[in-house]
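Asks: Starting off with a structure, shown below.
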Amino acid sequence: MMKRWMGLLLSILAVVFLFTRPMPAPAQIREIRIGDSKGDWGYPNPYRHYPRGPGYVRMSWVFDTLVWKGEKGYVPALADSWSYDPARMAFTFHLNPNAKWHDLQPLTARDVVFSIAYFKKHPYTWISVDDVGRVEAPETHTVVMYLSKPYSPFISDIGGTMPILPKHIWESVDNPAAYNDPKAFIGSGPYRFADFNKAQGTYLYEAFAEYYQGRPKADRLIYVRSGQPLVSLANRQIDLAGIQPDMAEPLRKKGLVVIKDERGWNKKLMINHQKAPFSDKRFRHALAFAIDRQEIIEKSHRGFAAPASYGLLSVDHEMYHPGTPTYPFNPERARALIESMGYGKGADGFYERSGQPLKVELLASNITVAGQSVADRDGEVIKMQLERVGIRVDLVNLEQATTDSRVKSWNFDLAVSGHGGVSGDPRILNEMISSQYGAGSVNSARYDADTELNGLLEAQMTEMDQNKRKEIVYKIQEVYAEELPAISLYYPDSMSAYDPEKGVAWYYTPGGISKGIPIPQNKMSLIK
Amino acid sequence: MKHSQRNSRHRQYIVAYLLAALVMMYVSYSVPRWLPGDFVTAMYSSSHVTLNAEQEADLRAYYTQRQGFGRYLVDFFTLNWGYSYAFLTPISELIREALPWTLLLLGTAHLLSMVVGFLAGVEAAWRRGRVIEKAGVGSMTVLEGFPEIGTAVILLLVFALHLGWFPAAGGETAYVEQSFGRWALDVTHHLALPLLTLLLAYFPGNFLLTRGSMVMVLKEHFIETARAKGLPSLRIRYAHAARNALLPMVTRFGLRIAFMVTGALVVETIYAYPGLGTLLFNAIAMRDLPLIQGIVLLSSLMVLFVNLALEFVYGWIDPRVKHAS
Chain A
1 MMKRWMGLLL SILAVVFLFT RPMPAPAQIR EIRIGDSKGD WGYPNPYRHY PRGPGYVRMS
61 WVFDTLVWKG EKGYVPALAD SWSYDPARMA FTFHLNPNAK WHDLQPLTAR DVVFSIAYFK
121 KHPYTWISVD DVGRVEAPET HTVVMYLSKP YSPFISDIGG TMPILPKHIW ESVDNPAAYN
181 DPKAFIGSGP YRFADFNKAQ GTYLYEAFAE YYQGRPKADR LIYVRSGQPL VSLANRQIDL
241 AGIQPDMAEP LRKKGLVVIK DERGWNKKLM INHQKAPFSD KRFRHALAFA IDRQEIIEKS
301 HRGFAAPASY GLLSVDHEMY HPGTPTYPFN PERARALIES MGYGKGADGF YERSGQPLKV
361 ELLASNITVA GQSVADRDGE VIKMQLERVG IRVDLVNLEQ ATTDSRVKSW NFDLAVSGHG
421 GVSGDPRILN EMISSQYGAG SVNSARYDAD TELNGLLEAQ MTEMDQNKRK EIVYKIQEVY
481 AEELPAISLY YPDSMSAYDP EKGVAWYYTP GGISKGIPIP QNKMSLIK
Chain B
1001 MKHSQRNSRH RQYIVAYLLA ALVMMYVSYS VPRWLPGDFV TAMYSSSHVT LNAEQEADLR
1061 AYYTQRQGFG RYLVDFFTLN WGYSYAFLTP ISELIREALP WTLLLLGTAH LLSMVVGFLA
1121 GVEAAWRRGR VIEKAGVGSM TVLEGFPEIG TAVILLLVFA LHLGWFPAAG GETAYVEQSF
1181 GRWALDVTHH LALPLLTLLL AYFPGNFLLT RGSMVMVLKE HFIETARAKG LPSLRIRYAH
1241 AARNALLPMV TRFGLRIAFM VTGALVVETI YAYPGLGTLL FNAIAMRDLP LIQGIVLLSS
1301 LMVLFVNLAL EFVYGWIDPR VKHAS
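Protein sequence lines correspond, in order, to chains A and B. Once you know that position 224 of the first sequence is 224 in this note's numbering, the rest is easy, because the numbers rise by one and skip nothing. Once you know that position 30 of the second sequence is 1030 in this note's numbering, the rest is easy, because the numbers rise by one and skip nothing.
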């Protein structure tokens, strides 16, 4: 009898032990290899990375920001919590007390105060701290930033993009661009920078075991240059890479997971609206009606793209205005608009006015999308479409830097171009429309002719109430699409593939990483 | 020819080559400046950073500082080749890192294709009219017309994607700790496909050129004399005929050196192989003027140096050159 009771007791203990012992921790991944067609994106610190998305992402593994964009919006990073006080125009951030630098020094509010002051003295082109006035550290882990005027993209531009620098290292650095000491790479992010091989285009990062959000999932993170991601992914030589949409099916069959980005990058037709006939809005509308975007997508991209909103902001953006004016393909309307400007068809079937033929030059080049140069035939298709309407087109294919240089100096008629960020903060509207914000950009329309539009752009930058800002952004899209200083054509499909057996689920960040980087290498994927 | 005359001719060669080097240095200094566009536009055009007018002006002022040719020469001879705009690293360091990979891939491809092409060409010419020679000439003519890009893609598909025998990219497996022996094997493993692509591109030309020269040489009277004397066929083939057919091959080798940097650009890009070609390609795309100047100059000087060396090699291979007035 005693034996039976003992047996029962042991059985109960065994069951209790089995069900109450802690779950085993997920196995630590030895390394993750990410493929990249270019390889080199500069050194991963704020002053030495290339000013492009992949360069910023390489830095983001090493340097943390106050907040970060995760799969479902902003999540805490160095700041556990944050709030905005409209009366004082002040943002308060409460820092994570466990945050440490890679040299194990504690990260405090003084580092944040120092970072703002340092970026004011040595500007970092990714952010603008002009509107940040006084910055205080009332407690060791509390920072208060007073704005000199309301600045609506604050959380996106400063909270979620500005890397925090260690004061004890950078306070003695006067020339940050030339600073290449190993200490220049001491950050507070999940990975320590270990090596960058310039010839091979490879990067090595090692997990920071004392990271305040827990040891990262993979011990080593490696970037390798890969000319053919399809082959490298299929052979498991790399675990994650951007792919061409045609590669999706073969890779799925090989057991890889294929992910597709939201529509955050738009191809557009730049128009030199400073010269006739492009300065006439009717002609710009005629161009929009003459272009069949679906035909470009079918012929030039085998269907792997979607027509873009004429209002510039992505159709996936929460502030996208569904009532934005559209210009459905209508060659008859295009011809009517051109004829209303006094043009008539000549003997050769092309328009002319006062004996002068209507002839435009169209610049085209391979565009870099998310770090990869993509060849297309958009120029040929647009030329064909405009000539069908009666506009003679001289198509000039140039290397991208040459095209950009001509667009920049207004030495062009039409140019096929493109940029990302249209699913990120609506500040992109200012940068891509107004010369006040985008004078230095080759993708900006630099269109200041409409005073209403100028006023709306200014207003959305200072409206801190998101609902009111949304109303302004709606109106901007309406006016911009009506003025049409540039024509958004389509959003090319952007895809990546990864090996699920590695135990990391990669994703495209809604709105893009930081200011809208459409790359699925969000560091949150490697944080437990 | 008298010794002093020969020395004077050597001096003339060297002076002529030095003048050519100076011209090349001027060309490498000035031509990249004619490229439309500049570093700031190239670097920021596809950027998520939108520059305002002030930021752009500051950056442009920083990156477009003009340096005179005199200063450029002084810097060159003091090995101060400047800093790359994009890498923020000394040019000499970038070239030092990339050059060994280019030498390994291109050097091996040139040497192997030359030696094997030469031997195969000699043997084919010796067997002129036979099936094997006809088949060789036919297949090599077809292969000669086949672009490297096509060969590279086919090799990748077969050996990397389907069979999985070779890696698709890189010069070595990055960040793997291994012994020297295993590292050498790893480098060879990565080298295999790009090298094979280049061999298939270079070999047919070498084969056809040697065969053509050899066929002409074999018609010469001295070959008939050698045969009549009853010399062994191997000796006639190589000591008498092949030596005379070697000169065009050496010239071709010198010319090919000119393509050392740019020749493997396609192959380097497809296989993501580290090297000077890829470095130059990226530098031009980014308008990284100091880096473009450095690579162009280095490759020009390499061409000059090899051609100067060949002037002496010609005389050694074929004494008639030495004695020609």
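In this text, a Cβ means the ideal position worked out from N, Cα and C, and glycines have one as well.
Alpha carbon to alpha carbon, what distance is there between A/L429 and B/M1043?
Replies: Cα-Cα distance, rounded: 21 Å.
Asks: Around the Cβ of A/A449, are there at least 16 other Cβ atoms within 10 angstroms (buried) or fewer (exposed)?
Replies: With fewer than 16 Cβ atoms within 10 Å of its Cβ, A/A449 is classed as exposed.
Asks: Any beta-carbon of chain A closer than 7 Å to the one on B/F1087?
Replies: It does; some Cβ of chain A falls within 7 Å.
Asks: Starting from A/I238, follow the alpha helix (DSSP H) in both directions and report where the run begins and ends.
Replies: Per DSSP, A/I238 belongs to no alpha helix (DSSP H) and is neither H nor E.
Asks: If you compare alpha carbons, which of A/S232, A/P166, A/K198, A/D85 is closest to A/F185?
Replies: When each option's Cα is compared against that of A/F185, the closest is A/P166.
Asks: Could you name the residues of the same chain whose beta carbon sits closer than 8 Å to that of A/K254, not counting the 5 residues immediately before and after it, in chain order?
Replies: So the qualifying residues of the chain are L233, A234.
Asks: Strictly below 7 Å CB to CB, what residues from chain A border B/W1101?
Replies: What B/W1101 touches in chain A: A199.
Asks: Quick test of your reading: A/P357 and A/A290, contact by CB under 8 Å. State the CB separation rounded to the nearest angstrom.
Replies: With 8 Å as the limit, A/P357 and A/A290 do not qualify as a contact, their Cβ atoms being about 17 Å apart.
Asks: Report yes or no: do the segment 289-304 of chain A and the segment 485-502 of chain A share at least 3 C-beta pairs separated by less than 8 Å?
Replies: Result yes; three or more Cβ-Cβ pairs closer than 8 Å.
Asks: How about B/S1113 and B/L1022: are their beta carbons less than 7 Å apart?
Replies: No, these two residues do not count as a Cβ contact at 7 Å.
Asks: Against chain B, with Cβ distances strictly below 7 Å, would A/L204 count as a contact?
Replies: Yes, contact with chain B.
Asks: Apart from the five residues on each side of it in sequence, which residues of its chain come closer than 7 Å, Cβ to Cβ, to A/T326?
Replies: Counting only Cβ-Cβ distances below 7 Å, and skipping sequence neighbours, we find Y310.
Asks: Provide the residue(s) that pair with B/V1015 in DSSP beta bridges, ordered along the chain.
Replies: BP columns for B/V1015 are empty, so no partner.
Asks: If you drop the 5 nearest sequence neighbours on each side, which residues of the same chain put their C-beta closer than 6 Å to that of A/P307?
Replies: Answer for A/P307: R293, Y490, listed in chain order.
Asks: Taking the DSSP output, what are the residues bridged to A/N35?
Replies: Checking the sequence, you will find Gly at residue 35 of chain A rather than Asn. A/G35 pairs with A/V224.
Asks: So, A/V258 versus A/A497, is the Cβ gap smaller than 7 Å?
Replies: Cβ atoms of A/V258 and A/A497: closer than 7 Å.
Asks: Going by the beta-carbon positions, is the gap between A/Y205 and A/W41 smaller than 7 Å?
Replies: No. Outside cutoff.
Asks: Would you list, in chain order, the members of the segment 1129-1150 of chain B that have their beta-carbon closer than 7 Å to a beta-carbon of chain A?
Replies: Flagged: no residues at all.
Asks: How many angstroms separate the CA atom of A/V548 from the CA atom of B/A1057?
Replies: Beyond the ends of chain A as shown, which are 1 and 528, falls residue 548 of chain A; an answer cannot be given.
Asks: Tell me, please, whether the CB atom of B/Y1175 is closer than 7 Å to any CB atom in chain A?
Replies: So, interface residue.
Asks: Any beta carbon of chain A sitting closer than 7 Å to that of B/Q1012?
Replies: Not one chain A Cβ lies under 7 Å of B/Q1012.
Asks: Would you call the segment 316-325 of chain A and the segment 271-284 of chain A in contact, with 3 or more CB pairs under 8 Å?
Replies: Counting Cβ pairs under 8 Å, fewer than three are found: no touch.
Asks: Considering just the uninterrupted stretch of the beta strand (DSSP E) at A/E352, what are its terminal residues?
Replies: It spans 351-353 - the beta strand (DSSP E) in which A/E352 sits, taken as one unbroken run.
Asks: Would you tell me roughly how many angstroms separate the C-alpha atoms of A/D499 and A/Q237, rounded to the nearest one?
Replies: So the two alpha carbons sit approximately 10 Å from each other.
Asks: Would you please verify whether the beta carbon of B/N1244 is less than 7 Å from any beta carbon of chain A?
Replies: Chain A contact via Cβ: absent.
Asks: Here's the rule I'm using: 16 or more other beta-carbon atoms within 10 Å means buried, otherwise exposed. How should A/R335 be labelled?
Replies: It is buried - the Cβ of A/R335 has at least 16 other Cβ atoms within 10 Å.
Asks: Could you tell me whether any Cβ in chain A is nearer than 7 Å to the Cβ of B/A1160?
Replies: Yes, its Cβ sits closer than 7 Å to a Cβ of chain A.
Asks: May I ask you to report which of helix, strand or coil DSSP gives A/F196?
Replies: Reduced to three states, the DSSP call for A/F196 is strand.
Asks: Name the residue from A/D493, A/Y124, A/E501 whose alpha carbon lies nearest to the alpha carbon of A/P518.
Replies: Measuring from the Cα of A/P518, the nearest candidate turns out to be A/D493.
Asks: Taking only the alpha-carbon atoms, compute the straight-line gap between A/R427 and A/G133 and give it to the nearest angstrom.
Replies: Straight-line Cα distance between these residues: approximately 20 Å.
Asks: Determine the direct distance from the alpha carbon of B/F1180 to that of A/T20, and round the result to whole angstroms.
Replies: Confidence is the limiting factor: at A/T20 the pLDDT is only 47, short of 50, which leaves the residue's position unreliable, though a coordinate-based value still follows. Cα-Cα distance, rounded: 50 Å.
Asks: In the segment 36-56 of chain A, which residues sit with their C-beta less than 8 Å from some C-beta in chain B, listed in chain order?
Replies: Going along the segment 36-56 of chain A in chain order, one finds S37, K38, G39, D40, G42, Y43, R48, Y50, P51, R52, G53, Y56 with a Cβ nearer than 8 Å to chain B.
Asks: With a cut-off of 7 Å, does the C-beta of A/M23 fall near any C-beta of chain B?
Replies: Low per-residue confidence applies at A/M23: pLDDT is 47, beneath 50, and the placement is therefore not dependable, though the value from the model is reported in the following sentence. It does not; no Cβ of chain B falls within 7 Å.
Asks: Strictly below 8 Å CB to CB, what residues from chain B border A/A27?
Replies: The premise fails here: A/A27 is roughly 21 Å from chain B at the closest Cβ pair, so nothing lies under 8 Å.
Asks: Apply the 10 Å Cβ neighbour rule to A/D130 and answer buried if 16 or more other Cβ atoms are within range, or exposed otherwise.
Replies: So A/D130 counts as exposed.
Asks: Can a CB atom of chain B be found closer than 7 Å to the CB of A/V381?
Replies: Judged by the 7 Å Cβ criterion, A/V381 is not in contact with chain B.
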